[in-house]
Structure formats: C-alpha cells, structure tokens
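To start, the structure under review is shown below, and the notes come after it.
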Amino acid sequence: MEKFDKLSGIAAPMPLVNIDTDMIIPKVFLKTIKRSGLGVNLFDEMRFDREGNEIADFVLNKPAYREASILVAGDNFGCGSSREHAPWAIADFGIRCVISTSFADIFYNNCFKNGILPVVLPEDQRDALMKDAEKGANARIEVDLEAQTVTSSDGEVFSFEVDSFKKHCLMNGLDDIGLTMEKAAAIDTFEAQASADRPWV
Amino acid sequence: MSPKTLYDKIWDAHVADESADGTCLLYIDRHLVHEVTSPQAFEGLRMAGRTVRAPDKTIAVPDHNVPTTLDRANAETMTEDSRIQVEALDTNAKEFGIHYYPVSDVRQGIVHIVGPEQGWTLPGMTVVCGDSHTATHGAFGALAHGIGTSEVEHVLATQTLIQKKSKNFKVEITGKLNPGVTAKDITMHIIGETGTAGGTGYVIEYCGEAIRDLSMEGRMTVCNMAIEGGARAGLIAPDEKTYAYCKGRPNAPTGAEWGEAQAWWETLYSDEGAHWDLELTIKGEDIAPSVTWGTSPEDVLPITATVPDPASFKGGKVDAAARSIEYMGLTAGQKLTDIEIDTVFIGSCTNGRIEDLRAAAEILKGKKVKDGMRAMVVPGSGLVRAQAEEEGLADIFKDAGFEWRMAGCSMCLAMNPDQLAEGERCASTSNRNFEGRQGYKGRTHLVSPGMAAAAAVTGHLTDVRELM
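Here the protein sequences come in this chain order: A and B. Those letters in the first sequence? Residues 31 to 231, by the numbering used here. Those letters in the second sequence? Residues 1076 to 1543, by the numbering used here.
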C-alpha cells in the first residue's frame, strides 16, 4: 500500500450530502476481477453523459479541479454498498484525502486499506474548507497525517482525530495481513478454546 | 460483573487479541463470499502464497451477477465479464476447498438468504461478508456486518478482523403494529427518524414488543436495513422463535450439541441496567405503510403523505432534496398515491423470503397486474422458489401477470440484465433508492411486498390497506 504522510493539493468541493458508493462507482464497473484502472470510471454517471462525453459542470471536469488530490464533501460520504471499488476508483483517479463531517463505516475502513486518508472535521471547519476549495486551483490545502492537521490556503489550521493503529499503518504503508499473521499464536490459542467452548460453530 | 448488552457479550466471546490502544482481533465464525467482492481477495492470497485458514467456516455462492431468466443454465445469457466473475468464484471455491452452492444447485440464491436457510447462521456468531447487507444475519443475535475486499482477504487468511468496538444503540418498538404494517415499514420508519448517518459508529439492538412479535423472516428484514441507517450491525436477541427456525437446518447442531448450544444462546440478551450510548423508542402504532420519495433511504414517508418541499429541510439536505425530487421527476406537494409506476420488483435480501412472497400473493390473488406494467418476482433462493411453487404462490403471481424468475440479487442492484430503463419508475421491495441503483436514470420507490403488489394492480403507489 502507498504510504501517506503529507499532502498538498487542489481540493474539489462536493457539497452534496449522502454521496453513496453507487455514485462513486456505478455497478457496471464492479464486474472486474482486478483492483486497478477504475479511476476513469470514478463518479461515472455524474461525470459523463450516456455517450461518454464529459458533463462540463461536474466539478472534476472543470479545468481547475482536474488535478484535484483532495475532496471536500457533504455529510455521510461513502454510504451504501461495501464495494472497495469506491476507494480503488478514488485512489486511481489520484485523490488521496477526503474531508467531510462524517463517513459511512465500511467506506471509512476501506480507505485506510488503499492509502487514502478520510478526515472528519466539525461542520463549521468542513464548511470553511469547502469555501476554500471553491476558490479553485490557486487554493492549495495541506494535510499532515503525522501532525493530524489540515491547513487551508489562508493558513488556518484544523486538527483532526484518527485511530492510532490506522494512522501507523497508513503512514508506513503496512500490510494488515502480515501484521495479523505475527499474532498467529494468539489466534491458534483462541480458536482451540472457542472450539472447546462452542464445538457447534 | 457489570451488566452487558447483547453486543458486549458477543464481542467479548470473540476477541482473540487486544492491543493496548483497544484495537482487537475479532475471531470470525462464518465468512460468506460472493462473486463480486471476492476475486481480488483470492488473487491476493495466491500472490502472497497464503491459504484459506478456515475453509469449513467459509461459504460461497454467486448471486449478484447471475441471470434470473429460466434459460440461465445457458452461459450465453451472461455477459462476458459477468461470466468471468462467476467462473472465478467456481474456480476459487474449488481450489481453496470452501463450501459452495453453484448456480446449478437448487440451494443457490442470495447469500444472505442462503446462510440462514442452510443453518450456517446461528445465534452468538460473528458473521461477515463482502456485502453491506450482511446486517441481515443480526436477526439471529449474531454480530454480522459487511466488509471491503481487503478485509475479505484478511478474513480468508487469518479468520479474524482488525476491529475497534462500536457503541451501543437501543431501538425499541413498543406495542402492536396496525394492520398492513410490516417489518419493512418498521425498518424504513426507523431510518426516516435517525437518518442514514444516525447509526454511524453504533451497533443497534432492536427490541420491544413489536420486534418480539415478528417472525424470524420479519426480523431479518429489519436487521437487513440497519446498514441503511449507517449502523455497523443490527441485532435482535435470540428467543424460542430463533431456536425453532434454526433447529433441523442442514448445518445446525444436533443431539447433545444442540442442547449445549441452546444453553449458551439463552444467555444472549442485554442485561438489566446495561449501558446504552443512545436510545430511541418508537410506538408501533405510529408506524404506517411507508414509501420512499427520494434517492436516499432516509427519504421515508407514510403512503398517505405528499412529496415534501425541499425548503422544509435543513443544511445540506435542502439541496439534496431538491436534487432528489428533480431526479425522481416529482413535484413538491404531490400526493404519493398519485405517483404512477411502470415496474414492480419483488425480491432481494430484504424481502425475497417465503413470507414476503406470501404477503404479496395475498394481495394479488384473483387480481391482474395493470396493463402495460412490467412486474417481476425473484425468489431469494432456489428453495424459496420451490416452496412458493409448492404452495401455489407461483401460480398466483403468474396468473396476475408477474414474471416468475430464478433466484438472485437481480434488480435490487441491477448488475445482471434485470434493469430499469432511463426514466422508468419502480415500486421495489429492495433496500436502496440511490440514483441509478436499479438502472441508469431509473427511479426507485422502496416499499413492502404487499405495497409492491398493490402498486402492480393499480399502476400507482397505493395504500395496501385499501386492497386488504
């Protein structure tokens, strides 16, 4: 997994609430057996018309935001399906950080497995960053995972919370499975006891 | 010992390891797998030279992509990419030696219907699947939730998940339900109250007389949509109905083991005085037959209501409601019962079980689908289909003018050819009314099976009580 430490980039504003994973990556693109190459399909039905032409007023089609690496989004981003194709598409497009007031649980977890940092901020701070993002390509937002801060283009600094284990894995690009396998003895012990206690499982 | 919630008890019984910061390895008793979210996980195992740690606890079934037409044994009914995905599951199941119900097996169906039906889901278990509607299994008092593909790979390799504990949310539905009100209306009504993010960070336990009165199938419908309220999982404490449902199922314990199991299951309830981080009480009598008007499952109203004015909302929801109403082709103030429908879909892991089909058939008996409508029933599993044929329900559907399909997820998410055309409007017993969910620019109104049947007869959203 790609490491995440610091990011300075253009932020695209997406103020719509409840942006669901069907919007992020429509089901027609779930028929792949690979993880890669989904960036071109990110937000497909909002981004392209039926003939595949770009819809000019969609934010990521605007010249200022084509290189965005941050999304500032409305409440409850990533709700709906568990499809990891959503963060795969986001990362493949080049977005490494999403800022909102809240995220759906499964999407939030999926981000950390794919080098994406989801940042939760209170509404007023998210709104301030939304205004900042609306300024376009000249307003770069800075994200520092180590310091747990987001800095607006005006230099205003907002602190965020993140689980220490998730932070550690993201900063170091660690493979979860490898870490868990180091605890194989604990799993063996638990499994033996559980199958004695609950043999029907 | 301090009093515990049901969630606390199941959690505590499955912690294999706990770090100083509270990060736990949660042991997984049942891992359900389908064809869409698993190929990358199996490929990951292969590339790292890993195996499936507990193949006996891993159960796979193709459901999302499979055609539901009667000629589906013919591989040409599937698109190339769907066929590759299903074949990948066939291969992976065989290669890694996990339990498997292929398309040709009468037991094939939607993973969340097959699991309980085959007795894989039992009280007190931890159950995961790369599918958000894994919440369904919470109806048994099992801690069940959806995971992403990286986590699917993690569970395949280690039989554990890295987790931190959620908070406890008690949702109590008191008293009795009025006639025509179902489990679907309960779960939609709750989301209407809490919003789609209201459950974020929590595990919900549903309790109260109206929940106790539900059958196991109704309880599955309630828990199924816990995810639509944002919760990690929904739970209902097991009771005599749960044991009766599980007993005799192919993978349920038997003999002395059954007695041992039930003795433990009987300890699975929230203790008097347990701590709740959040509580919500709703009177059963206040719940009406419900319908969604917008493009979020929180856009719920009684069928007797009118399309809301976006200005009546607050914050970001004002714009979202205006967008929804435009997408749905509606007008604020319009009566919900005036909304004309052209498609009816009965099925899905929310409402694709035998009792759902009975409820719909009860309304349809001796009636016809309105001219020009497309109406389809997709049973949740091959066994549900067989039982419905035996009970004469299939004939009622066919006589009324419904298509009688094979089992699968079908138009709930429209990954197979069962899709809405642009602008088509569907009364659907499924769980999500997102933009494009049932087909590009398709419009979805979520309802109970009885309400879907009523809409099929009249051609517009209809209060089911008028046809009862």
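Beta carbons: idealized from backbone N, C-alpha and C, even for Gly.
- If you check each beta-carbon in the region 128-144 of chain A against every beta-carbon of chain B, the ones closer than 7 Å belong to 132, 134, 135, 136, 139, 140 and 143.
- Here the region 1110-1118 of chain B makes contact with the region 1214-1233 of chain B; the two share three or more CB pairs at distances below 8 Å.
- Taking the Cα of residue 1316/B as reference, the smallest distance to any Cα among 1198/B, 1211/B and 1379/B is reached at 1198/B.
- Here residue 1372/B is near residue 1521/B, since their CB atoms are less than 8 Å apart.
- Under the three-state reduction of DSSP output, residue 81/A falls in the coil class, being neither helix nor strand.
- In this structure the region 1482-1502 of chain B does not lie against the region 1336-1351 of chain B, because fewer than three pairs of beta carbons, one per stretch, are closer than 8 Å.
- When DSSP states are grouped into helix, strand and coil, residue 1148/B belongs to the coil group.
- Between residue 1484/B and residue 1423/B a beta carbon distance of about 7 Å is seen, short of the 8 Å cut, so the two are scored as contacting.
- At a cut-off of 4 residues, the continuous stretches assigned as alpha helix (DSSP H) that sit fully inside the region 1096-1161 of chain B are 1114-1123.
- Distance from the CA atom of residue 54/A to the CA atom of residue 84/A, rounded to whole angstroms, is 16 Å.
- Within chain B, no C-beta atom comes nearer than 9 Å to that of residue 225/A; the closest sits roughly 10 Å away.
- Within chain B, the residues whose beta carbon sits less than 7 Å from that of residue 229/A are 1332, listed in sequence order.
- Distance from the Cα of residue 141/A is smallest, within the candidate group 227/A, 127/A and 154/A, for 127/A.
- Between residue 1540/B and the set 1254/B, 1138/B and 1076/B, the nearest pair of CA atoms involves 1254/B.
- For the pair residue 1489/B and residue 1457/B, the CB atoms are not nearer than the 8 Å cut-off.
- Between the alpha carbons of residue 1100/B and residue 211/A lies a gap of roughly 11 Å.
- Here residue 1122/B is exposed: its Cβ has fewer than 16 other Cβ atoms, across all protein chains shown, within 10 Å.
- Contact between residue 1452/B and residue 1472/B holds: their C-beta atoms lie close to 5 Å from each other, under 8 Å.
- In the assembly as shown, residue 56/A is a buried residue. Its beta-carbon has 16 or more other beta-carbons within 10 Å.
- The continuous alpha helix (DSSP H) containing residue 156/A extends over residues 153-163.
- When DSSP states are grouped into helix, strand and coil, residue 178/A belongs to the coil group.
- Collapsing the DSSP output to three states places residue 1527/B in a helix.
- A residue is called buried when at least 16 other Cβ atoms come within 10 angstroms of its Cβ; residue 1078/B does not meet this threshold and is exposed.
- Between residue 47/A and residue 104/A, the C-beta gap is smaller than 8 Å, which places the two residues in contact.
- Put simply, of 175/A, 176/A, 143/A and 186/A the residue whose alpha carbon is nearest the alpha carbon of residue 154/A is 186/A.
- The three-state reading of DSSP puts residue 1451/B in strand, counting E and B together.
- When 1506/B, 1083/B, 1510/B and 1487/B are compared, the shortest CA-CA separation from residue 1278/B is found for 1083/B.
- Taking 9 Å as the Cβ-Cβ cut-off, the region 76-110 of chain A approaches chain B at 76, 80, 104, 105, 106, 109 and 110, given in chain order.
- Annotation for residue 31/A: no alpha helix (DSSP H) segment contains it, and DSSP assigns it neither H nor E.
- For residue 1115/B, the nearest beta carbon of chain A is closer than 8 Å to its own beta carbon.
- Residues of the same chain with a CB within less than 6 Å of the CB of residue 1439/B, apart from the 5 flanking positions on each side, are 1471, 1475 and 1528 in chain order.
- Among the bridge pairs identified by DSSP, residue 1535/B is matched with 1415/B.
- Taking 8 Å as the Cβ-Cβ cut-off, the region 1223-1234 of chain B approaches chain A at 1223, 1224, 1225, 1226, 1228, 1229, 1232, 1233 and 1234, given in chain order.
- For residue 1371/B, the chain A residues whose C-beta falls within less than 7 Å of its own C-beta are 48, listed in chain order.
- Note that the region 1176-1187 of chain B does not touch the region 95-112 of chain A; fewer than 3 beta-carbon pairs, one per stretch, sit closer than 8 Å.
- For chain A, the residues of the region 1189-1206 of chain B that bring a beta carbon within less than 8 Å of one of its beta carbons are 1197, 1199, 1200, 1205 and 1206, in chain order.
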